[in-house]
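Chains as they are written, first to last, in our numbering: chain A, 1 to 198; chain B, 1 to 198.
Working notes for the structure below.
2 protein chains.
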Amino acid sequence: MKKIGKTFIISGPSGVGKSTVLAALFKDREDLYFSVSATTRAPREGEIDGKDYHFIDAGEFRKMIGEDAFLEYAEYVGNFYGTPKKYVDEAMANGLDAILDIEIQGAAQVCAKRPETVRIFIAPPSWEELERRLTARGTDSPEKIQQRLLRAKVELDSARCYDYLVINDTVDEAVEELRAILRAEHCRPAERVSQLMD
Amino acid sequence: MKKIGKTFIISGPSGVGKSTVLAALFKDREDLYFSVSATTRAPREGEIDGKDYHFIDAGEFRKMIGEDAFLEYAEYVGNFYGTPKKYVDEAMANGLDAILDIEIQGAAQVCAKRPETVRIFIAPPSWEELERRLTARGTDSPEKIQQRLLRAKVELDSARCYDYLVINDTVDEAVEELRAILRAEHCRPAERVSQLMD
Numbered sequence: 001m002k003k004i005g006k007t008f009i010i011s012g013p014s015g016v017g018k019s020t021v022l023a024a025l026f027k028d029r030e031d032l033y034f035s036v037s038a039t040t041r042a043p044r045e046g047e048i049d050g051k052d053y054h055f056i057d058a059g060e061f062r063k064m065i066g067e068d069a070f071l072e073y074a075e076y077v078g079n080f081y082g083t084p085k086k087y088v089d090e091a092m093a094n095g096l097d098a099i100l101d102i103e104i105q106g107a108a109q110v111c112a113k114r115p116e117t118v119r120i121f122i123a124p125p126s127w128e129e130l131e132r133r134l135t136a137r138g139t140d141s142p143e144k145i146q147q148r149l150l151r152a153k154v155e156l157d158s159a160r161c162y163d164y165l166v167i168n169d170t171v172d173e174a175v176e177e178l179r180a181i182l183r184a185e186h187c188r189p190a191e192r193v194s195q196l197m198d
Numbered sequence: 001m002k003k004i005g006k007t008f009i010i011s012g013p014s015g016v017g018k019s020t021v022l023a024a025l026f027k028d029r030e031d032l033y034f035s036v037s038a039t040t041r042a043p044r045e046g047e048i049d050g051k052d053y054h055f056i057d058a059g060e061f062r063k064m065i066g067e068d069a070f071l072e073y074a075e076y077v078g079n080f081y082g083t084p085k086k087y088v089d090e091a092m093a094n095g096l097d098a099i100l101d102i103e104i105q106g107a108a109q110v111c112a113k114r115p116e117t118v119r120i121f122i123a124p125p126s127w128e129e130l131e132r133r134l135t136a137r138g139t140d141s142p143e144k145i146q147q148r149l150l151r152a153k154v155e156l157d158s159a160r161c162y163d164y165l166v167i168n169d170t171v172d173e174a175v176e177e178l179r180a181i182l183r184a185e186h187c188r189p190a191e192r193v194s195q196l197m198d
């Protein structure tokens, strides 16, 4: 039976370990496509066009907005960031699941356009643990860490309307949960009944 | 984190291999409870009360109907069959998932009472394969097999409103899909957000 690609959004607060979990999820999985965002900000040292971002200019970005070519987009400190429909649709047409690493507001935009999108929120096992992880990174001041914690609590409250909430206690367990969710979502009747009814 | 028990209904047409799949699902899983039905029919040779069925008399069954003590029940060739709430609720209170092997009409009754119940339909990989399996059992006449096939098609049509549709192509794959579904359903925000918001 041919697998039909689906779109999954994965959100999670700063410090929760989302990048590590995503890297582990993609290991040995050639049926997954990681969505690369488009941005108008300049490439930083070492960033590769098409891998880290699709780097485009503001004129092109605005043109794409006008053509409804984004699943979601936002402006952030003077630059645009967005998820082009094109690559996601190409991946799904090839039977891959498209994984979008975007935050809650972007997720809401995607689901408004495509309600069938599956939303997964990655949460810490506790607030104490999230604080510990943010502190261990050593990149933020204590004030910044408190801001991030507060924001994480607001985000988790919004995640009530997500389809799934994965707890990143250990990476292995979080990845197993993600894999179970992806697999389960491919067992939906809409995808399968029509193939069997013939 | 303490697991909270959920109820899963597993339905499927005659000949699809549901018993084999369920036996494999329950192997080494002490977190699952298999719901035993109550019936007013007499025990057959070798049947054990409380294991094959809870054998009760018609007066007791009617009393239980009056007390709304069944998740679902039906009359079939002069006997009553039903799923007592009691054992399912006890299992869930102990953190077990309750697995109910019931058909589509019973499933509709359960979901009317408890909309959070997850419904899984087990389907054959094709009609030809279902016919082959029914023939291989050697228990039905060709006419009876055609009746069962027709009924299976009607049931699959109803299964469009189920939450999941698992294809029993191989038992191993079907069990893996079931396990993924059970695991994924325990990642729902309703179950988890409240534990984290404190």
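Positions of the beta carbon are idealized from the N, C-alpha and C atoms, including for glycine.
*What beta strand (DSSP E) runs, 3 residues minimum, are completely inside the region 4-57 of chain A?*
7-11, 32-34
*Where threonine 40 of chain B and isoleucine 56 of chain B are concerned, what is the direct C-alpha to C-alpha distance, given to the nearest angstrom?*
5 angstroms
*Sorted by chain position, which residues of the same chain lie with C-beta nearer than 6 angstroms to glycine 239 of chain B's C-beta, five sequence neighbours on each side aside?*
This structure cannot settle anything about residue 239 of chain B, because the visible part of chain B is limited to 1 through 198.
*Assign valine 77 of chain B to one of three DSSP states: helix, strand, or coil.*
coil
*Looking only at its own chain, which residues have a Cβ that is under 6 angstroms from the Cβ of threonine 20 of chain B, when we skip the five neighbours before and after it?*
Val171
*Within 10 angstroms of its Cβ, does lysine 27 of chain A collect 16 or more other Cβ (buried), or is it exposed?*
exposed
*Name the DSSP beta bridge partners of valine 118 of chain A, please?*
A:Phe8
_Strictly below 8 angstroms CB to CB, what residues from chain B border valine 175 of chain A?_
The contacting residues do not exist; valine 175 of chain A stays about 12 angstroms from chain B at best.
*Can you find a C-beta in chain A that's less than 7 angstroms from the C-beta of arginine 44 of chain B?*
no
*asked:* Just to check my reading of the structure: serine 11 of chain A and glutamate 103 of chain A have Cβ atoms closer than 8 angstroms, yes? What is that Cβ distance to the nearest angstrom?
replied: 6 angstroms
_Chain-order list of residues whose beta-carbon lies under 6 angstroms from that of glycine 95 of chain B (same chain, five-residue window excluded)_ = Lys3, Gly5
*Return the CA-CA distance between alanine 98 of chain B and isoleucine 181 of chain A, expressed in angstroms with no decimal places.*
20 angstroms
*Closest Cβ-Cβ distance between isoleucine 122 of chain A and chain B: below 7 angstroms?*
no
*If you compare alpha carbons, which of B:Leu22, B:Lys113, B:Phe34 is closest to glutamate 90 of chain B?*
B:Phe34
_So, with DSSP's three-state summary, where would you put glutamate 128 of chain B?_
helix
*Provide the residue span of the alpha helix (DSSP H) that contains isoleucine 104 of chain B, from first to last.*
104-113
*Out of A:Lys18, A:Asp49, A:Gly59, A:Val88, state which residue places its alpha-carbon closest to the alpha-carbon of leucine 32 of chain A.*
A:Val88
*For alanine 98 of chain A, does the three-state DSSP call read helix, strand or coil?*
strand
_Per the DSSP calculation, proline 189 of chain B is bridged to which residue(s)?_
For proline 189 of chain B, which the question treats as bridged, DSSP gives no partner whatsoever.
*Exposure label - glutamate 219 of chain A; buried when at least 16 CB within 10 Å*: Not covered by the structure: residue 219 of chain A. The range shown for chain A is 1 to 198.
*Below 9 angstroms between beta carbons is the criterion; list the residues of the region 105-131 of chain A that meet it against any residue of chain B, in chain order.*
Ile120, Phe121, Ala123, Pro124, Pro125, Ser126, Trp127
*Distance, Cα to Cα, arginine 62 of chain B vs aspartate 68 of chain B?*
10 angstroms
*Any C-beta of chain A sitting closer than 7 angstroms to the C-beta of valine 21 of chain B?*
no
*Distance, serine 37 of chain A Cα to aspartate 163 of chain B Cα*: 32 angstroms
*With 9 angstroms as the limit, tell me which residues of the region 143-165 of chain A have their beta carbon closer than that to any beta carbon of chain B; keep them in chain order.*
Lys153, Leu156, Asp157, Ala159, Arg160, Cys161, Tyr162, Asp163, Tyr164, Leu165
*Could you name the residues of chain A that arginine 133 of chain B contacts, counting a contact when the two beta carbons are closer than 9 angstroms?*
Correct list: empty, because the minimum Cβ distance to chain A is about 15 angstroms.
*For valine 118 of chain A, count neighbouring Cβ atoms within 10 angstroms of its own Cβ and tell me buried if that reaches 16, exposed if not.*
buried
*Tell me, please, whether the CB atom of arginine 29 of chain B is closer than 7 angstroms to any CB atom in chain C?*
Here chain C cannot be found, since the structure's protein chains are A and B.
*Where does glycine 15 of chain A land, buried or exposed, given buried means 16+ other C-beta within 10 angstroms?*
buried
*Thinking C-alpha only, which one of B:Arg133, B:Glu60, B:Ser158 is nearest asparagine 168 of chain B?*
B:Arg133
_Just to confirm before moving on: does the CB-CB distance between valine 175 of chain A and leucine 25 of chain A stay below 7 angstroms?_
yes
*So what does DSSP say about threonine 170 of chain B, is it helix, strand or coil?*
coil
*Considering only C-alpha positions, which residue in the set B:Ala93, B:Gly66, B:Met92, B:Ala58 is nearest to tyrosine 76 of chain B?*
B:Ala58
_Report the CB separation of arginine 114 of chain B from threonine 7 of chain B in whole angstroms; it is logged as a contact under 8 angstroms._
7 angstroms
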